[in-house]
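Chains as they are written, first to last, in the numbering used here: chain G, 157 to 450; chain D, 7 to 370; chain Z, 635 to 919.
Okay, structure first, notes after.
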Amino acid sequence: MSAQTLERSLPSAPLPQGGPKASVTIRAALARWGLRGTALLYLGLLIALPATAVVLRGFSGGLGALREAFNAPGAKQAIILTLVLAAITAFVNVVFGTLIAYVLVRYRFPARRLLSTIVDIPFAVPTLVTGVMLRALYGPNAPIGGFLQRHGIHVIFAPAGILLALLFVTLPLVVRTVQPVLLELDETEEEAARVLGATRWMTFRKVVLPKLRAGIVAGGLLAFARALGEFGAVVIVSGNIIGKTLTAPYLIFQFASQAKPEEAAAVATLLFAISFVLVLVTERLVGLRRKESA
Amino acid sequence: MRSPRLHIRFVAVVSLLAVGAAACSSASGSGDNGSSAGSTAACTPAESPVITLAAYSNVYDVYGKLISAFQTEWKDAHDDQQVIFQTSFGGSTTQAQNVVAGFPADIVALSLAPDVQLIQDAGLITHDWTQDTESSIVASSVVVFDVRPGNPKHIENWNDLAQPGLQILTPDPAASGGARWNIVAAYGAALRGQVPGYAADDPAAAEQLLTDIFTNVTVMDKSANDSIKNFQAGNGDVAITYEYAGLAAQKSGLPDELVIPPSTVAIQTPTVVVDKNAEAHCVEDIAKAFVEYLHSDEAKATFLSTGYERSVDLKAAQSGEKGAFPPVTDLFTTDDIGGWDQLQNDTVFGPDGAFTKALAAAQG
Amino acid sequence: MSSTIAPRTPRLAGSARRRLVHGGFTAIALVYVGALVIAPLVGIAFAAFKGGWSVIVDTLRQPDVLHAYYLTGVITLITVIVTTVFGVIVALVITRDRFPGRALMSALVDLPIAVSPVIVGLMAVLLFGTGGWFEPWFSAHGIRILFAVPSMVLVTIFICIPFVIREVVPVLHELGVSEEEAARTLGASSLQTFFRVTLKNIRWALAYGIALSTARAIGEIGAVLIVSGSITGQTETSTLYILRAFDQFQDTQGYIVAITLALASIVLLVAIEAFKRRQEKVRET
Numbered sequence: 157m158s159a160q161t162l163e164r165s166l167p168s169a170p171l172p173q174g175g176p177k178a179s180v181t182i183r184a185a186l187a188r189w190g191l192r193g194t195a196l197l198y199l200g201l202l203i204a205l206p207a208t209a210v211v212l213r214g215f216s217g218g219l220g221a222l223r224e225a226f227n228a229p230g231a232k233q234a235i236i237l238t239l240v241l242a243a244i245t246a247f248v249n250v251v252f253g254t255l256i257a258y259v260l261v262r263y264r265f266p267a268r269r270l271l272s273t274i275v276d277i278p279f280a281v282p283t284l285v286t287g288v289m290l291r292a293l294y295g296p297n298a299p300i301g302g303f304l305q306r307h308g309i310h311v312i313f314a315p316a317g318i319l320l321a322l323l324f325v326t327l328p329l330v331v332r333t334v335q336p337v338l339l340e341l342d343e344t345e346e347e348a349a350r351v352l353g354a355t356r357w358m359t360f361r362k363v364v365l366p367k368l369r370a371g372i373v374a375g376g377l378l379a380f381a382r383a384l385g386e387f388g389a390v391v392i393v394s395g396n397i398i399g400k401t402l403t404a405p406y407l408i409f410q411f412a413s414q415a416k417p418e419e420a421a422a423v424a425t426l427l428f429a430i431s432f433v434l435v436l437v438t439e440r441l442v443g444l445r446r447k448e449s450a
Numbered sequence: 007m008r009s010p011r012l013h014i015r016f017v018a019v020v021s022l023l024a025v026g027a028a029a030c031s032s033a034s035g036s037g038d039n040g041s042s043a044g045s046t047a048a049c050t051p052a053e054s055p056v057i058t059l060a061a062y063s064n065v066y067d068v069y070g071k072l073i074s075a076f077q078t079e080w081k082d083a084h085d086d087q088q089v090i091f092q093t094s095f096g097g098s099t100t101q102a103q104n105v106v107a108g109f110p111a112d113i114v115a116l117s118l119a120p121d122v123q124l125i126q127d128a129g130l131i132t133h134d135w136t137q138d139t140e141s142s143i144v145a146s147s148v149v150v151f152d153v154r155p156g157n158p159k160h161i162e163n164w165n166d167l168a169q170p171g172l173q174i175l176t177p178d179p180a181a182s183g184g185a186r187w188n189i190v191a192a193y194g195a196a197l198r199g200q201v202p203g204y205a206a207d208d209p210a211a212a213e214q215l216l217t218d219i220f221t222n223v224t225v226m227d228k229s230a231n232d233s234i235k236n237f238q239a240g241n242g243d244v245a246i247t248y249e250y251a252g253l254a255a256q257k258s259g260l261p262d263e264l265v266i267p268p269s270t271v272a273i274q275t276p277t278v279v280v281d282k283n284a285e286a287h288c289v290e291d292i293a294k295a296f297v298e299y300l301h302s303d304e305a306k307a308t309f310l311s312t313g314y315e316r317s318v319d320l321k322a323a324q325s326g327e328k329g330a331f332p333p334v335t336d337l338f339t340t341d342d343i344g345g346w347d348q349l350q351n352d353t354v355f356g357p358d359g360a361f362t363k364a365l366a367a368a369q370g
Numbered sequence: 635m636s637s638t639i640a641p642r643t644p645r646l647a648g649s650a651r652r653r654l655v656h657g658g659f660t661a662i663a664l665v666y667v668g669a670l671v672i673a674p675l676v677g678i679a680f681a682a683f684k685g686g687w688s689v690i691v692d693t694l695r696q697p698d699v700l701h702a703y704y705l706t707g708v709i710t711l712i713t714v715i716v717t718t719v720f721g722v723i724v725a726l727v728i729t730r731d732r733f734p735g736r737a738l739m740s741a742l743v744d745l746p747i748a749v750s751p752v753i754v755g756l757m758a759v760l761l762f763g764t765g766g767w768f769e770p771w772f773s774a775h776g777i778r779i780l781f782a783v784p785s786m787v788l789v790t791i792f793i794c795i796p797f798v799i800r801e802v803v804p805v806l807h808e809l810g811v812s813e814e815e816a817a818r819t820l821g822a823s824s825l826q827t828f829f830r831v832t833l834k835n836i837r838w839a840l841a842y843g844i845a846l847s848t849a850r851a852i853g854e855i856g857a858v859l860i861v862s863g864s865i866t867g868q869t870e871t872s873t874l875y876i877l878r879a880f881d882q883f884q885d886t887q888g889y890i891v892a893i894t895l896a897l898a899s900i901v902l903l904v905a906i907e908a909f910k911r912r913q914e915k916v917r918e919t
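Next comes the structure, spelled out in structure tokens:
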């Protein structure tokens with residue numbers, strides 16, 4: 157999944173009011189150039205149509221096909237594993253991501269710019285290369301990997317490796333979602349609280365955190381949604397071991413490669429429904445917050 | 007103020023959607039397993055004909071060499087005509103499914119007969135390939151055990167895999183068609199009375215062996231190569247894999263040992279011309295010539311040296327190819343235990359098959 | 635009311651304990667990012683250079699590898715052009731037009747973000763594989779979509795659609811139409827207005843979106859794995875090559891090509907950062 161860019165556009169409301177603001181002349185210009193039709197065609201052919209194909213296929217076998225898919229060996233475990241790993245990823249990165257965002261916004265130190273740039277690296281690096289890097293570091297032939305293996309800790313071809321990959325790709329999502337929220341916080345409230353005698357921790361809990369909450373939740377949901385569908389980073393580090401490292405996206409891939417499109421579509425529809433709902437909820441969350449603070 | 011052009015655009019959008027809907031309905035109306043061999047253009051052979059080969063992943067190096075050699079020979083014998091090969095490598099069953107889904111392969115080099123059967127069932131192979139030279143088999147290998155250096159768990163035979171607490175890696179038959187070889191090997195060895203503790207000619211005993219083995223299977227990988235890598239990453243005590251995969255891994259530095267059980271199955275890999283595609287691309291004759299070439303002595307030597315594969319001749323394979331490989335005490339084929347059709351649909355992988363029931367029992 | 639980008643030093647800072655806490659948090663942040671992000675980069679550098687320069691040069695000269703780079707480049711170029719041109723159009727329509735179903739359009743743009751790439755590949759198979767919705771028409775005309783480059787381009791476009799749109803829409807929205815209307819009043823044509831006013835205002839957001847698109851297109855693996863057929867030297871992108879290299883125990887080659895992609899993405903990252911900074915500056919004013 158590629159939720160990479162949402163960190164910039166989330167501060168806006170989900171649907172800008174083009175109506176009253178956009179003048180009649182501009183709308184007429186758009187019409188004259190056929191832009192509305194073009195936009196509809198573009199999105200309709202390229203997005204709506206394929207999505208419909210998958211959902212239709214997924215439901216074409218009726219509920220029976222859905223049951224078949226979930227009864228396939230490893231399917232249930234794959235879905236549960238994916239949900240669990242995505243949840244852990246979201247939680248861990250919410251904690252550290254918020255911390256990093258706080259450090260970036262509130263503190264001043266020489267490596268600040270560098271830290272900011274490094275946080276964006278996962279946005280740019282291909283997901284497959286992420287997996288390759290982890291393998292280079294933690295694989296059995298690698299210095300760290302070999303060391304860990306001798307002590308019984310497996311990273312590659314084990315859930316830990318998948319978790320590291322998911323943490324890597326979702327980190328900037330959380331940081332860049334929380335950061336704009338932090339930036340807009342008016343510090344006078346915090347200062348007022350402290351002048352009135354609140355400790356820093358109390359100030360943080362009672363003044364800062366409530367305002368941050370929407371942003372943090374949004375970041376966490378995004379990270380979760382992204383982690384659900386991650387394929388490229390996972391395919392290299394996991395061994396696709398049923399129950400341990402076989403994830404739902406890989407399951408879909410397996411079904412698709414074995415020409416079992418109904419099963420693939422069934423799992424795909426489930427995964428896709430969860431993520432889509434999450435993305436829309438996130439939009440709403442941050443949109444609401446935006447309205448409040450405006 | 008609406009300009010007329012708006013209406014035109016709107017109509018254009020609607021009509022395109024209508025065309026799309028019409029395409030849908032006509033598509034669903036047409037046959038579901040029709041041939042996808044492409045256009046009905048007139049068949050004039052190109053100056054530089056292109057042959058598309060879909061193969062399973064392990065034979066990348068082998069076919070690289072075979073193709074070069076064939077191209078040179080063809081050029082010499084046919085007026086400098088340069089034959090171009092497009093190659094694709096992937097999981098055997100995936101490749102077969104891709105061909106059925108429209109991948110334009112003229113030749114398929116797969117790792118087991120049922121995968122070729124898939125393509126034949128889709129109507130793309132129209133001749134009886136089992137009657138071709140050497141039944142279309144180009145090379146063979148054996149199912150072996152990949153163990154830690156020194157074989158600390160003393161795994162010598164199939165029943166050793168049943169020892170309590172052992173952790174076994176093997177590819178997942180649902181993900182890798184070739185994984186079925188491993189299961190068939192265990193099944194056949196038990197049936198032939200070569201496994202101590204399991205009665206001969208007794209399907210129930212064979213099923214029991216499979217149950218015992220799969221109780222210990224902790225990992226079902228997506229391919230044989232993955233099994234080996236997983237094993238090397240420290241997972242498990244033994245990986246059931248194919249000799250050629252293990253040898254290739256050893257060549258790239260893996261320290262593992264390979265143990266050949268006394269009785270194991272001959273992995274027979276077929277390479278077949280996909281008639282409908284080859285005809286449509288006007289390369290039938292060249293494709294057939296290439297497949298014939300694969301049965302030549304020169305090609306067999308390449309299969310052995312580059313592909314670490316044994317020959318098609320069962321006796322030679324069993325004896326170890328004059329020292330190139332360790333001999334096998336009892337080397338049998340799928341035909342010896344009923345043939346792939348029966349194994350696939352009935353005795354082993356069928357709904358009541360030994361493996362189906364064994365897996366359920368082991369995982370339950 | 636404007637919030638500054640530069641962090642404000644906490645006004646009440648001064649006590650050593652507070653500095654310790656700040657230092658502690660900063661240290662944690664640095665260590666986490668260092669271990670999670672930097673260490674793997676270092677790891678891949680070591681792995682790629684394991685065989686020395688000769689192996690690197692040999693690998694990068696292989697025709698398979700060169701073609702893989704070429705194919706990645708072609709697919710990326712087409713994807714970026716299509717998603718940029720049509721992305722701007724969609725962004726204009728979403729922010730400036732008004733018709734029933736506008737909300738649906740906005741939701742559609744979000745859809746590719748929520749879809750795992752393997753699902754995208756599945757979509758292509760369902761549409762263009764044997765028995766697919768569009769397959770008969772294309773077959774009859776001898777056009778190969780699936781297991782050929784066109785399907786690879788299509789899935790990459792699908793995946794990259796949201797980037798430009800979601801960067802440009804907020805900017806267009808915040809800018810409002812006053813400038814554009816003013817230009818029109820002064821007699822500018824639609825085209826002139828677009829190029830001189832609109833485009834100028836969105837250029838950094840557009841550049842940022844393009845950079846993100848490019849990075850994503852280069853890195854695509856899940857969907858192309860399903861639709862490409864992996865024809866060596868024909869439909870194998872750089873990422874597919876890496877996958878195959880690891881499958882065939884050619885780890886070093888895999889690491890080498892991977893690190894070239896990592897380097898390219900870091901260059902893109904620098905560009906992304908630069909555009910982001912300019913965009914933020916613009917939003918400040």
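Don't be surprised by glycine CBs; every beta carbon is placed ideally from N, CA and C.
Note that the coordinates shown come from a computational prediction; the quantities given were computed from them, not determined experimentally.
Could one say the Cβ of residue i lies closer than 9 Å to chain Z's Cβ atoms, at least one of them?
i, result
"L289/G", "First, the amino acid is wrong: residue 289/G is Met here, not Leu. True, the Cβ-Cβ gap to chain Z drops below 9 Å."
"Y66/D", "yes"
"V106/D", "yes"
"T355/G", "no"
"F109/D", "yes"
"V437/G", "no"
"S229/D", "yes"
CA-CA distance, residue i and residue j?
i, j, result
"S146/D", "S431/G", "47 Å"
"D358/D", "Q335/G", "59 Å"
"L215/D", "P332/D", "25 Å"
"G240/D", "S325/D", "33 Å"
"D692/Z", "F252/G", "42 Å"
"I182/G", "E813/Z", "12 Å"
"P276/D", "S141/D", "8 Å"
"A195/G", "I728/Z", "9 Å"
"G96/D", "K228/D", "11 Å"
At least one CB of chain D closer than 9 Å to the CB of residue i: is that the case?
i, result
"I312/G", "yes"
"G388/G", "no"
DSSP three-state label for residue i, please.
i, result
"P336/G", "helix"
"I246/D", "strand"
"G40/D", "A caution first: G40/D carries a pLDDT of 32, below 50, which makes its placement in the model too unreliable to give a value."
"F1/D", "The structure shown does not extend to residue 1/D, since chain D is modelled only from 7 through 370, so no value can be given for it."
Taking the DSSP output, what are the residues bridged to residue i?
i, result
"G96/D", "Y62/D"
"F338/D", "V271/D"
"M226/D", "T176/D"
Closer than 7 Å by beta-carbon distance: list the chain D residues that pair up with residue i, in chain order.
i, result
"Q913/Z", "By Cβ distance, chain D contributes nothing, its closest Cβ being about 33 Å from Q913/Z, past 7 Å."
Using a Cβ cut-off of 9 Å, pull out every chain Z residue sitting near residue i, in sequence order please.
i, result
"P405/G", "S750, P751, V752, I753 and G856"
Using a Cβ-Cβ distance cut-off of 9 Å, determine whether residue i contacts chain G.
i, result
"D731/Z", "yes"
Please list the partners that residue i has in chain G, where partner means a Cβ-to-Cβ separation under 7 Å.
i, result
"A892/Z", "V285 and V288"
In chain G, which residues lie less than 8 Å from residue i when you measure between Cβ atoms?
i, result
"F683/Z", "Result: empty, since nearest Cβ-Cβ is about 11 Å, beyond 8 Å."
"A741/Z", "L436"
Give the residues of chain Z in contact with residue i, contact being defined as C-beta atoms less than 8 Å apart.
i, result
"T401/G", "Going along chain Z, no residue has its Cβ under 8 Å from T401/G, so there is no contact; the nearest lies around 16 Å."
"V325/G", "Near V325/G there are no residues of chain Z at all, since even the closest Cβ is about 10 Å away, more than 8 Å."
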